[in-house]
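In structure tokens:
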């Protein structure tokens, strides 16, 4: 509720300031003007081909990056020598701002969609690699022993312990990865391209069209919010056993006196979530 | 046939000898409490019996069969309630049944029965994070008993709960174990808990190279009320006898104890 009030105040104040000419409406077009540009873009349909290009690049990067990152993470967790070879490279990739690779991909792959998918892929892959790799290594040994002593074999240990606990890490990694996928696509287009929202942004910037720039930003934000909501719902369903996703039914009052709980076992990706 | 026969057991961690020359025998259906100074190797002994640790020398036989790995005849209750957090209480209890090939429906019905026996009817759909510590202990107990073990190992099962919950759990364990007829090896550092539940209490020496120094017979039949029995004068005298043995071992670890 307070968030809604804050939003109304922000946009209302902005609208008023621009109309009253306290703000230069050329540099700070009021939200109504931005909304009008968005409407025009949608009505004339000229934005859709660009929109489709960017979303395709981002989703391709997200899919490929998740697949390759998760597979490499799995392999590294299983084979020690591979981890020793690959982990430093991944850590380095993780540490640098990976968007600086954009010009490299343009030189290698041209100004078409391939270079944007590649950038998006690199951004996502590193995140998903660490989510999977850490997820597997952080599997609770006590749960493995528990399943084994209850009569479970290798397959049961995998199904009952490894898959669910890694899923939790991957789910939280995915939310970060969605944003990265679009960063890769848009920044890639911004650097060099002939289509896509990033290309339009670059065009709008070079013509000092603030209203179009803000409209495009709003469009990208809108897409990401939708994807966030989708992945958030998926995560809430996947991780419905986690206490933070079970607000619908609060913890039962204990018939016995409350006791100290052992450290929470639910995996959370440090630095990735929230 | 004995439920458990340990002969001359030796376990080392590197060059450090944890256990040396442990001999122990458990009759079928017998309840044995194992006490000893902390760090003496009680848990290590239990892990050998559970098949989670290979001893360096000696033999461990469960119902006449040498232990090579986890066995369906042996159930183990750990100190921490390591329930699967992504499974509901009922699914957790049904786990060992499903591992034994029971169809899901049947396993779930039996699991519900076990939840009832540990007084958790209606909590089947709750995830472990939604249960209190004492409730999770009872789910873990139901889970291990659902597997119908003929030998039950317990490693400080009630260590992390408060005294009141602890007594309630002791009553549950005492009753349910008597129902199933399983032999029990209970590792604890709580002398009174060991005596109140067991047929015999064994005292382990201080490490390194720990072994059993003394075994006491508890002069009460089972099933019994593990809380009420503490009021019996015979209980108190046994506590002081076992304690005197234990104290010698604790003193060997460098603790100065006043009488």
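Chains as they are written, first to last, in this note's numbering: chain V, 1 to 274; chain B, 275 to 533. Backbone N, C-alpha and C fix where the C-beta goes; we use that ideal spot for every residue, glycine too.
Asked, Found
"For a quick check, are the C-beta atoms of residue 331 (chain B) and residue 284 (chain B) less than 8 Å apart?", "yes"
"Can you pull the chain V neighbours of residue 324 (chain B), defined as C-beta to C-beta under 8 Å?", "149"
"Between the beta-carbon of residue 177 (chain V) and the beta-carbon of residue 223 (chain V), is there less than 8 Å?", "no"
"Is the CB-CB distance between residue 416 (chain B) and residue 389 (chain B) below 8 Å?", "yes"
"For the alpha helix (DSSP H) that residue 63 (chain V) lies in, which residues bound it at each end?", "46 to 78"
"DSSP three-state call for residue 473 (chain B): helix, strand or coil?", "coil"
"Alpha helix (DSSP H) containing residue 394 (chain B): first to last residue?", "That residue, residue 394 (chain B), is in no alpha helix (DSSP H); it is neither H nor E in DSSP."
"Determine the closest residue to residue 420 (chain B) out of B:492, B:387, B:432, with distance taken between C-alpha atoms.", "B:387"
"Contact defined as beta carbons within less than 8 Å: I believe residue 134 (chain V) pairs with residue 69 (chain V). What is the distance between those atoms, to the nearest angstrom?", "Contact doesn't hold; Cβ gap of about 12 Å is too wide."
"Reducing DSSP to helix, strand and coil, say where residue 432 (chain B) ends up.", "coil"
"Looking only at its own chain, which residues have a Cβ that is under 6 Å from the Cβ of residue 353 (chain B), when we skip the five neighbours before and after it?", "429, 430, 433"
"Please report how far the alpha carbon of residue 457 (chain B) lies from the alpha carbon of residue 90 (chain V), in whole angstroms.", "52 Å"
"Starting from residue 236 (chain V), follow the alpha helix (DSSP H) in both directions and report where the run begins and ends.", "210 to 238"
"Whose C-beta lies closer than 6 Å to the C-beta of residue 250 (chain V) among residues of the same chain, with five residues either side of it excluded?", "In this predicted model, residue 250 (chain V) has a pLDDT of only 45, less than 50, meaning its place in the structure is not dependable; the value taken from the coordinates is given anyway. Here the set comprises nothing."
"Would you report the Cα separation of residue 278 (chain B) and residue 324 (chain B), rounded to the nearest angstrom?", "11 Å"
"Check whether the segment 90 to 110 of chain V and the segment 35 to 50 of chain V touch, using three or more Cβ-Cβ pairs below 8 Å as the test.", "no"
"Can you tell me whether residue 94 (chain V) is buried or exposed, with buried defined as 16 or more other CB within 10 angstroms of its CB?", "exposed"
"Where does residue 446 (chain B) land, buried or exposed, given buried means 16+ other C-beta within 10 angstroms?", "buried"
"Using CA atoms only, rank isn't needed, just tell me which of B:374, B:449, B:378 is closest to residue 412 (chain B).", "B:449"
"With a threshold of 8 Å, are at least 3 pairs of Cβ atoms found where one atom belongs to the segment 56 to 66 of chain V and the other to the segment 171 to 190 of chain V?", "yes"
"Using alpha carbons as the reference points, say which of B:364, B:493, B:322 lies closest to residue 349 (chain B).", "B:322"
"For the putative contact between residue 344 (chain B) and residue 523 (chain B), defined by C-beta atoms under 8 Å, what is the C-beta separation to the nearest angstrom?", "30 Å between Cβ atoms; not a contact."
"Tell me the DSSP secondary structure of residue 517 (chain B) in three-state form.", "helix"
"Compare the C-alpha of residue 489 (chain B) against each of B:513, B:496, B:495 and name the closest.", "B:513"
"Please report the straight-line C-alpha distance between residue 204 (chain V) and residue 15 (chain V), rounded to a whole angstrom.", "21 Å"
"Quick one: complete beta strand (DSSP E) runs, 3+ long, within the segment 317 to 349 of chain B?", "331 to 336"
"So, with DSSP's three-state summary, where would you put residue 96 (chain V)?", "coil"
"Taking 8 Å as the CB-CB limit, is residue 135 (chain V) close to chain B?", "no"
"Pop quiz: residue 307 (chain B) and residue 519 (chain B) are said to be a contact at Cβ under 8 Å. What is the actual Cβ separation, rounded to whole angstroms?", "Not a contact, Cβ separation roughly 13 Å."
"Could you tell me whether the Cβ of residue 287 (chain B) comes closer than 8 Å to any Cβ of chain V?", "no"
"So which of B:404, B:468, B:451 has the shortest CA-CA distance to residue 516 (chain B)?", "B:468"
"Under 8 Å between the Cβ atoms of residue 295 (chain B) and residue 474 (chain B)?", "no"
"Is the CB of residue 385 (chain B) under 8 Å away from at least one CB in chain V?", "no"
"My output table needs one value for residue 280 (chain B): the three-state DSSP class, helix, strand or coil.", "strand"
"Less than 8 Å between the beta carbons of residue 363 (chain B) and residue 372 (chain B), yes or no?", "no"
"When Cβ atoms are compared, which residues of the segment 175 to 191 of chain V fall closer than 9 Å to chain B?", "none"
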